[in-house]
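In what follows, a single structure is set out as structure tokens and then discussed.
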Amino acid sequence: MDARADVPAEGTAGVLADAQADAPAEVPADDAPVTAEELLAEVRSCRQISQGKYRTDANSAKATVPVCATTDAVFWKADMDIDCDGRRTKVCNKKTDPYFQPQTAFTSSRGKPLDSAALPFVVVPAPSRTWDYRKSGLTGGSVVAVIYEGKVRYAVIGDTGPAGIIGEGSYALAEELSVDPHPTTGGAASGVTYIAFKDSRISPIESRATAESRGEELARAFVGR
């Protein structure tokens with residue numbers, strides 16, 4: 000064999016070194032963000048804990064959505080109506096939303112209503128005989144993974160809604176998921192999965208960064224990373 004066969008041509012060694020230096024480092028699988036597919040694989044079957052089912056809208060003909068549980072979370076698969084309640088903003092007010100309410104069930108660290116336009120949050124049904132979120136280890140500030148069309152976003156529980164209806168998120172959460180956020184004409188008709196992690200309350204409730212980092216941590220444990 001020609002001894003010169005393994006010797007790079009003159010001037011190519013530096014080019015090869017530069018190319019290797021510029022090549023993106025491979026991200027170990029365990030370090031990559033948890034995917035929608037991983038989360039959905041954990042909620043394929045339902046161990047129902049709600050005493051009955053929920054409607055997705057007030058005018059829904061039937062109640063079709065159960066609340067289900069795993070060891071570490073509760074989940075439901077529904078639509079996404081848009082919650083614009085809380086702090087008045089350019090996009091959330093009486094003019095944009097005829098049903099606008101200037102308060103939320105849970106408040107910021109300063110005792111103020113949450114800002115639906117800025118904070119991704121989920122609305123849970125008010126406690127009833129059907130289901131009481133508090134008995135499932137949930138409260139304001141509990142972390143929720145929300146999945147829609149392959150996207151995963153982390154939010155907090157920030158408000159409560161009608162006792163018989165489920166499937167609602169804030170204006171900001173809808174934007175994060177590329178759902179039309181308009182409070183009267185927007186939303187997603189179906190295909191939204193909500194996974195609420197038990198005993199996961201963050202503080203302050205309005206910290207998006209904390210919700211995201213804690214959410215990713217909880218999601219990793221949930222899928223067995």
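Residue 0 is where the sequence shown starts when you use numbering that gives the first Met the number 0, and the numbers rise one by one after that.
The beta carbon of each residue, even a glycine, is placed where N, CA and C say it ideally should be.
Give me the Cα-Cα distance between residue i and residue j, rounded to the nearest whole angstrom.
i, j, result
"Y170", "A220", "28 angstroms"
"P119", "A57", "23 angstroms"
"A208", "S108", "15 angstroms"
"L137", "F196", "8 angstroms"
"G44", "R152", "The amino acid at residue 44 is misidentified as Gly; the sequence shows Ser. Spanning the two alpha carbons is a distance of roughly 22 angstroms."
"T95", "Q47", "37 angstroms"
"A117", "S202", "17 angstroms"
"T63", "P101", "30 angstroms"
"T159", "D30", "34 angstroms"
"E215", "S127", "30 angstroms"
"V142", "V73", "11 angstroms"
"G51", "A210", "30 angstroms"
"C83", "A188", "17 angstroms"
"I146", "E41", "13 angstroms"
"E36", "P161", "30 angstroms"
"V123", "P112", "16 angstroms"
"V66", "T129", "9 angstroms"
"F105", "G139", "6 angstroms"
Quick check on DSSP: helix, strand or coil for residue i?
i, result
"V122", "strand"
"D29", "helix"
"S189", "strand"
"A210", "helix"
"R225", "Nothing can be reported for residue 225: it is not among the residues displayed for the chain, which extend from 0 to 224."
"A218", "helix"
"A77", "strand"
"A72", "strand"
"A195", "strand"
"D5", "Reliability fails at D5, whose pLDDT of 47 lies under 50, so the model's placement of it is uncertain and the value that follows must be treated cautiously. Residue state, collapsed to three classes: helix."
Within 10 angstroms of the Cβ of residue i, are there 16 or more other Cβ atoms? Answer buried if so, exposed if not.
i, result
"A231", "The first residue shown for the chain is 0 and the last is 224, placing residue 231 beyond what the model contains."
"N54", "According to the sequence displayed, residue 54 carries Arg and not Asn. Under this definition R54 is a buried residue."
"S177", "exposed"
"A173", "buried"
"G168", "buried"
"S135", "buried"
"E175", "buried"
"A218", "buried"
"G166", "buried"
"A20", "No answer about A20 holds up, because its pLDDT of 48 lies below 50 and its placement is not dependable."
"T184", "exposed"
"G186", "buried"
"D78", "buried"
"G149", "exposed"
"P180", "buried"
"R133", "exposed"
"K76", "buried"
"P70", "A quick correction: the sequence has Thr, not Pro, at residue 70. By the 10 Å Cβ count, T70 comes out exposed."
Find the nearest neighbour of residue i within the set the options, judged by alpha-carbon distance.
i, options, result
"V191", "D80, S141 and G160", "D80"
"F99", "P65, P182 and V121", "P182"
"I204", "R46, V42 and G110", "G110"
"G163", "E36, D179, D131 and R87", "D131"
"Y193", "T88, V33, A144 and K89", "A144"
"S199", "P65, I156, A125 and K76", "I156"
"V90", "T106, S115, D71 and T69", "S115"
Looking at chain C, is there any beta carbon in it that lies within less than 9 angstroms of the beta carbon of residue i?
i, result
"G110", "The structure shown has no chain C; it contains just one protein chain."
(message) Which runs of the alpha helix (DSSP H) at least 4 residues long sit entirely within the stretch 122–175? Give them in chain order.
(response) 170–175
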